Amino acid sequence: MEMSALAGSPLTAPGAVFLVFFLIISLVYNRILVGRLKTRDGKIQALQGKLDEVSKATHHDNQTDPLTGLWNRWRLSDKADAELKRCRRHGVPLSILAIELDQFNDINQNHGHQVSDEVLRSFSKLLSTTIRQSDLVCRWSAGKFLMLLPHTDLKQGSELAEKLRRLTAESNLLVDDAISISVGIASLQSEEDFNSLVTRSEMALGEAQRRGRDRSQGCLTELQHQETVSPS
506 MEMSALAGSP
516 LTAPGAVFLV
526 FFLIISLVYN
536 RILVGRLKTR
546 DGKIQALQGK
556 LDEVSKATHH
566 DNQTDPLTGL
576 WNRWRLSDKA
586 DAELKRCRRH
596 GVPLSILAIE
606 LDQFNDINQN
616 HGHQVSDEVL
626 RSFSKLLSTT
636 IRQSDLVCRW
646 SAGKFLMLLP
656 HTDLKQGSEL
666 AEKLRRLTAE
676 SNLLVDDAIS
686 ISVGIASLQS
696 EEDFNSLVTR
706 SEMALGEAQR
716 RGRDRSQGCL
726 TELQHQETVS
736 PS
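Going by our numbering, the first residue of the sequence shown is number 506, and it counts up by one from there.
In structure tokens:
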């Protein structure tokens with residue numbers, strides 16, 4: 506029966522009681538339904554908040570080395586191309602250091618993983634406190650680290666490498682034995698990509714290790730070029 510018909514017709518007492526009862530039941534049901542919807546929405550929001558937290562934590566874990574807290578190699582690789590383009594655009598130099606703890610495998614074998622992990626953490630802190638805010642550092646592999654240095658030419662990169670080498674020797678990272686590092690340095694060349702720059706720094710690192718470790722070594726092709734163009 507339509508409400509217009511009800512409005513024009515006198516209600517009997519039972520009919521009026523039924524209508525009031527129906528309206529009350531409808532009101533109560535609507536309130537219960539609204540309450541349930543709010544509760545469900547609240548649970549959904551809480552669940553979404555937890556999912557966001559997990560997503561952020563996962564994203565952070567995917568970008569940082571879990572042992573040292575430094576960037577991992579994938580994050581540095583992601584950031585490097587933009588940094589190289591920026592330095593080229595502004596005409597400023599950029600260098601990279603490939604740093605490796607000398608005989609890191611021996612530290613693992615002679616002292617165990619707990620000690621070697623602590624050495625890595627301590628060395629990472631040393632790197633973090635030495636770099637500028639604009640510099641980028643990552644743990645590249647087991648005992649190897651890369652530092653990307655904007656506004657830094659080969660000579661300045663070599664000076665920083667020597668500073669890091671001295672600080673490492675003085676830091677007592679390992680109580681019973683001295684720890685040293687070898688460092689390879691390369692500076693960005695015209696139209697060079699990040700992978701090529703890393704390869705040249707690792708070649709310089711390999712040369713430093715072949716020459717006895719505990720030393721820094723600039724990229725040989727760059728050094729030879731500098732000798733060629735420098736006035737006699």
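Just so it is clear, CB atoms sit at the ideal spot from N, CA and C, and this is done for glycine as well. The model shown is predicted, which means the values in this text are computed figures rather than measured ones.
As assigned by DSSP and simplified to three states, the class of residue i
i	result
Lys561	Bear in mind that the predicted position of Lys561 carries a pLDDT of just 48, short of 50, making it unreliable; the figure below should be weighed with that in mind. Note: Lys561 maps to helix in three-state DSSP.
Leu679	coil
Gly723	strand
Val525	helix
Ser646	coil
Leu693	coil
Leu717	One detail in the question is off: residue 717 reads as Gly in this sequence, not Leu. Gly717: coil per DSSP, three-state reduction.
Thr544	helix
Thr657	coil
Gly520	helix
Contacting residues, own chain, Cβ-Cβ under 8 Å from residue i (five flanking each side not counted)
i	result
Asp607	Ile684, Ser685, Ile686, Ser687, Gln714, Arg718, Asp719
Gln722	Ser687, Val688, Gly689, Ile690, Ala709, Leu710, Glu712, Ala713, Arg716
Leu632	Leu575, Ile604, Val642, Phe650, Met652, Leu669
Asp622	Leu572
Glu588	Leu599, Leu641, Leu653, Pro655
Leu672	Leu631, Thr635
Gln550	none
Gln619	none
Val525	none
Asp742	Only positions 506 to 737 of the chain appear in this structure, which leaves residue 742 out of reach.
Residue(s) in a DSSP beta bridge with residue i
i	result
Phe699	Looking at the DSSP assignment, Phe699 forms no beta bridge with any residue, so it has no partner.
Met708	Partner(s): none; Met708 has no beta bridge.
Ile686	Leu606
Leu651	Ala603, Cys643
Beta carbon proximity, residue i to chain D, threshold 7 Å
i	result
Leu632	This model lacks chain D altogether, as it is built from one protein chain only.
Cβ shell of residue i (< 6 Å), same chain only, five flanking positions each side left out
i	result
Lys561	Per-residue confidence for Lys561 stands at a pLDDT of 48, beneath the threshold of 50, marking its modelled position as unreliable; no derived number is given.
Gln638	none
His565	Confidence is the limiting factor: at His565 the pLDDT is only 47, short of 50, which leaves the residue's position unreliable, though a coordinate-based value still follows. Closer than 6 Å at Cβ, skipping near neighbours: no residue.
Cys592	Leu599, Pro655
Close beta carbons around residue i, own chain, < 7 Å, minus the five adjacent residues each side
i	result
Ala674	Ala683, Ser685
Legend entry - contact_flag[the segment 595 to 603, the segment 643 to 663] where n(CB pairs < 8 Å) is 3 or more: yes
Inset, instruction - Only counting runs of 3 or more residues, tell me where the beta strand (DSSP E) segments fall wholly within the segment 570 to 643, in order along the chain. - result: 599 to 606
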